[in-house]
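Residue numbers (the working numbering): 67 to 277.
In this text, a Cβ means the ideal position worked out from N, Cα and C, and glycines have one as well.
This one's a predicted model, so the numbers in the text were calculated from it and none came from an experiment.
Here is the structure:
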């Protein structure tokens, strides 16, 4: 939080007294919290924390989504974890927050994303509800697995690939050629969750292989 812009924002809002709960987090919330304990820093006005990081800072008293009855890090779920994780516009468990922060607020809801127990997984959206599908492990030889997508109803939104694993999406439920996916994702040590492009979100099957 050393940039001139950030300092200017905080100074400009320092005198705010009314709660200004934002609808979503600022992209830098995770970094601010990690570098300076933003959520509990008394030097930052409550109104500023509420406006910029209502989700990362889930204990600020924001209505309709950012309140909590559990102390962060206590091992008890935030009361809004189910709502946050199923929000297709900003699904909590697969966002850019650190594993430690997900564990701090939603250790049960985000259990798979915190400590994956399979090599691959797809996440679908039905009527704006975001859901993790049944995870799968690598297959050898490679084979197609049902994606749980349903034409005109359920789309594939995200993909998880463990380190060294590849997720391939196919338009057909039983693709004739597994070397020709519509899109593929390779998991790396610092990248496991991927957004599926709209052009490929109707995939009816996928494969999971690992190096």
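* Asked: Across which residues does DSSP place residue 211 in a beta bridge pair?
  -> BP columns for residue 211 point to 272.
* Asked: Is it right to say residue 209 is buried, meaning 16 or more other beta carbons lie within 10 angstroms of its own, or is it exposed?
  -> Taking a 10 Å sphere around the C-beta of residue 209, we find fewer than 16 other C-beta atoms and assign the residue as exposed.
* Whose C-beta lies closer than 7 Å to the C-beta of residue 169 among residues of the same chain, with five residues either side of it excluded? -> Scanning its chain for C-beta atoms nearer than 7 Å, with the 5 sequence neighbours on each side dropped, one finds around residue 169 the residues 180, in chain order.
* Beta-carbon proximity list for residue 268, same chain, < 8 Å, skipping 5 on both sides -> Within the same chain, residue 268 has close Cβ partners 215, 217, 221, 222, 237.
* Whole alpha helix (DSSP H) elements within the segment 186-247, 4-residue minimum -> The segment 186-247 is shown to contain no whole alpha helix (DSSP H) run of 4 or more residues.
* Beta-carbon spacing of residue 226, residue 253 below 9 Å -> Yes, Cβ-Cβ distance for residue 226 and residue 253 is below 9 Å.
* Helix, strand or coil: how does DSSP classify residue 128 here? -> It is a strand residue.
* In terms of residue numbering, what span does the alpha helix (DSSP H) encompassing residue 97 cover? -> Residues 95-102.
* Could you check the C-alpha separation between residue 84 and residue 113 for me, to the nearest Å? => Only weak support is given to the placement of residue 84: the predicted model assigns it a pLDDT of 35, under 50, and the value that follows is read from those uncertain coordinates. Straight-line Cα distance between these residues: approximately 6 Å.
* Asked: Would the beta-carbon of residue 164 fall within 9 Å of that of residue 100?
  -> Going by C-beta atoms, residue 164 is nearer than 9 Å to residue 100.
* Cβ of residue 270 within 9 Å of Cβ of residue 250? -> No, the pair does not count as a contact, with Cβ atoms beyond the cut-off.
* **residue 261, DSSP secondary structure in three states** => Three-state result, residue 261: strand.
* Among 195, 93, 200, 187, which has the Cα closest to the Cα of residue 275? -> Nearest C-alpha to residue 275 among 195, 93, 200, 187: 187.
* Spatial distance of residue 145 from residue 108 (CA atoms) -> Roughly 24 Å separates the two Cα atoms.
* Asked: Is the beta carbon of residue 122 less than 9 Å from the beta carbon of residue 86?
  -> The Cβ-Cβ distance between residue 122 and residue 86 does not fall below 9 Å.
* With DSSP collapsed to three states, give me the class of residue 142. => DSSP, reduced to helix, strand and coil, places residue 142 outside both helices and strands of the structure shown, so it counts as coil.
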